[in-house]
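Listed in order, the protein sequences are those of chains A and B.
Mind the numbering: the first sequence is residues 1 to 197 in the numbering used here, read in order.
Mind the numbering: the second sequence is residues 1001 to 1197 in the numbering used here, read in order.
Glycine residues also receive a C-beta, built at the ideal position from the N, C-alpha and C atoms.
Below is one structure; the comments refer to it alone.
2 protein chains.
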Amino acid sequence: MKKLKEASTEEKIKEAARRVFTEKGYSGTRTRDIAQEAGINLALLNYYFRSKQKLFEEIMLEKVIKLFGGLSTVFYNSDSSLEEKLDEVAELYIDMLLKNPLLPTFVLSELAKGHFVIEIPIKDIISSSVFAQQLKVRSPHMEPIQFIFSLLGLLVFPFIGKPAFKQFGLTDEKGFSELMRVRRKLIPVWAKAILDA
Amino acid sequence: MKKLKEASTEEKIKEAARRVFTEKGYSGTRTRDIAQEAGINLALLNYYFRSKQKLFEEIMLEKVIKLFGGLSTVFYNSDSSLEEKLDEVAELYIDMLLKNPLLPTFVLSELAKGHFVIEIPIKDIISSSVFAQQLKVRSPHMEPIQFIFSLLGLLVFPFIGKPAFKQFGLTDEKGFSELMRVRRKLIPVWAKAILDA
DNA sequence: TCTATTTTTAATCAAATGTTTAAATCTTTT
DNA sequence: AAAAGATTTAAACATTTGATTAAAAATAGA
């Protein structure tokens, strides 16, 4: 029968894998890095997860949900107005990204490289959402996909660009966090301005 | 003395390296992939470029300039208004990104991983630009960095997210290009709305 | 043409890497 | 406590990978 320690070792490996994969990507990660970071014997990684690829897929699924899962929660809220949803999305994303700044670059870059295949019919999820209905009423001229690109661009892009902007001397770590906290309040205003444009 | 063919072989390797590095990233790229893609013997890569890292740095520098270099050209144009600069930037970026859709994810993800160190004082370049002056006059309340984050987010993010959005069924290749061509005209309008918000 | 130089090739090297094995250790069950 | 099962360990394996070497081929200069 399973002993208590098992879950703990498995979780230690996953925790280390989250950090190393997120920082170095799939190809840049060595299974030995994960083992060392987790403080476990290398063979345990294969004992618990069979292969690097399988472990990666578990982590990646978590991360994709973390990056995009929040959207549907907000979009399907039938108790809030469109304007309130913009506030909620901005707060949700900025707070989450301040805690997980490497998340977007990791997920989007790995998806681009095809190391992970996921099939979520987000198009249908969005088009049948309360958000889509409200958007159609308020700004019938606005293509929903264009607006979602814009909203996510405003929210997520600064985190993707941060390492570049830091190297360019445009911002430092402390200044960036402060900029993002200010931004959380500005983006809903800007998004509304875009809807009215 | 150098013979004519030399430049050609060297350029074949660089051309292949551009493709493979951009598609798979530094860690995901095997020198053998580049050699095969270039149709040359593996040893020639080291003969011409000494190492994978050195070859990568040459390509990366090109790509960073390609991604960000256009900005300063537009920002320092003293013959155009701020509004015209927004049009120029949108056209410049959308056209370039439609031809190089993998560029932003590649550059920003490699910069995030620290595989490449570059020192360009872009902060100073921006703050002393005509663009910065015009922005200060037109929208003194707008922090320039916030606006640049927004402008680049609107322009660049859709290309970074494309592989994800394709997997999610939000768009296909043809639909995406059309969306981006429409977007090229919309972003200047939206950017002005943000400045007036 | 003959020689020196540059370019190209096939083979090889040493280190790194994902995974497996077999034995040892620990835990649970009886 | 003994047996059975689960977990952990050290060592090893087979490939892959970036790089080098030494010889061959091509080119340029005399």
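Cβ-based neighbour list, residue i, same chain, cut-off 7 Å, excluding 5 preceding and 5 following
i, result
"B:Leu1098", "Ser1177 and Met1180"
"B:Gly1153", "none"
"B:Glu1139", "It is worth fixing the name first, because residue 1139 of chain B is Ser in this sequence and not Glu. So the qualifying residues of the chain are Leu1195."
"B:Arg1184", "Ala1090, Glu1091 and Ile1094"
"B:Leu1135", "Leu1082, Met1142, Pro1144 and Phe1147"
"B:Thr1171", "Phe1165 and Leu1179"
"B:Phe1159", "Leu1097, Pro1101 and Pro1104"
First through last residue of the alpha helix (DSSP H) which encompasses residue i
i, result
"B:Val1182", "Glu1173 to Asp1196"
"B:Pro1101", "Premise fails: B:Pro1101 is in no alpha helix (DSSP H) and is neither H nor E."
"A:Asn46", "Leu42 to Phe49"
"A:Phe198", "In the structure as shown, chain A begins at 1 and stops at 197. Residue 198 of chain A is therefore absent and cannot be evaluated."
"A:Lys31", "One detail in the question is off: residue 31 of chain A reads as Thr in this sequence, not Lys. Thr31 to Ala38 is the extent of the alpha helix (DSSP H) around A:Thr31."
"A:Gly69", "Lys52 to Phe75"
"B:Ser1150", "Pro1144 to Gln1167"
"B:Leu1170", "Per DSSP, B:Leu1170 belongs to no alpha helix (DSSP H) and is neither H nor E."
Cβ neighbours of residue i in the same chain (closer than 8 Å, five flanking residues each side left out)
i, result
"A:Ser150", "Ala191 and Ile194"
"B:Glu1173", "Lys1166"
"B:Arg1019", "Glu1037"
"B:Glu1015", "Ala1038"
"A:Glu110", "Gly25, Tyr26, Met60 and Phe116"
"B:Glu1057", "Phe1116"
"B:Ser1008", "none"
Own chain residues within Cβ distance below 6 Å of residue i, not counting five before or after
i, result
"A:Phe106", "Thr22"
"A:Glu10", "Tyr48"
"A:Asp124", "none"
"B:Lys1024", "none"
"A:Leu55", "Ala17 and Phe49"
"B:Val1137", "none"
At least 3 beta-carbon pairs within less than 8 Å: the segment 1101-1115 of chain B vs the segment 157-167 of chain A: Yes, the segment 1101-1115 of chain B touches the segment 157-167 of chain A.
Touching by the beta-carbon criterion (3+ pairs, under 8 Å), the segment 1124-1142 of chain B and the segment 1064-1079 of chain B: Contact annotation: the segment 1124-1142 of chain B touches the segment 1064-1079 of chain B, with at least three C-beta pairs closer than 8 Å.
Stretch pair the segment 58-67 of chain A + the segment 31-42 of chain A: three plus CB contacts closer than 8 Å: Result no; under three Cβ-Cβ pairs closer than 8 Å.
Near-chain A residues of the segment 1161-1181 of chain B (beta-carbon distance less than 7 Å), N- to C-terminal order: Of all residues in the segment 1161-1181 of chain B, Gly1161, Pro1163, Ala1164, Gln1167, Phe1168, Gly1169, Leu1170, Thr1171 and Leu1179 have a Cβ within less than 7 Å of some Cβ in chain A.
Positions along the segment 1121-1151 of chain B whose CB lies within less than 7 Å of some CB in chain A: Taking 7 Å as the Cβ-Cβ cut-off against chain A, the residues of the segment 1121-1151 of chain B that qualify are Pro1121, Ile1122, Lys1123, Ile1145, Gln1146, Phe1149 and Ser1150.
Members of the segment 14-34 of chain A near chain B, C-beta cut-off 7 Å: If the cut-off is 7 Å between Cβ atoms, the segment 14-34 of chain A has Lys24, Gly25, Ser27 and Gly28 near chain B.
Chain A contacts made by the segment 1182-1195 of chain B, where a contact means CB separation under 8 Å: Going along the segment 1182-1195 of chain B in chain order, one finds Val1182, Arg1183, Leu1186, Val1189, Trp1190, Lys1192, Ala1193 and Ile1194 with a Cβ nearer than 8 Å to chain A.
Segment contact, 8 Å Cβ cut-off, at least three pairs: the segment 1064-1071 of chain B with the segment 1081-1100 of chain B: Yes, since at least three Cβ pairs between the segment 1064-1071 of chain B and the segment 1081-1100 of chain B fall closer than 8 Å, the two stretches touch.
Contact set between the segment 68-83 of chain A and chain B, restricted to residues whose Cβ is under 7 Å from the partner: Within the segment 68-83 of chain A, no residue has a Cβ lying closer than 7 Å to any Cβ of chain B.
Near-chain B residues of the segment 89-106 of chain A (beta-carbon distance less than 9 Å), N- to C-terminal order: If you check each beta-carbon in the segment 89-106 of chain A against every beta-carbon of chain B, the ones closer than 9 Å belong to Leu102, Pro104, Thr105 and Phe106.
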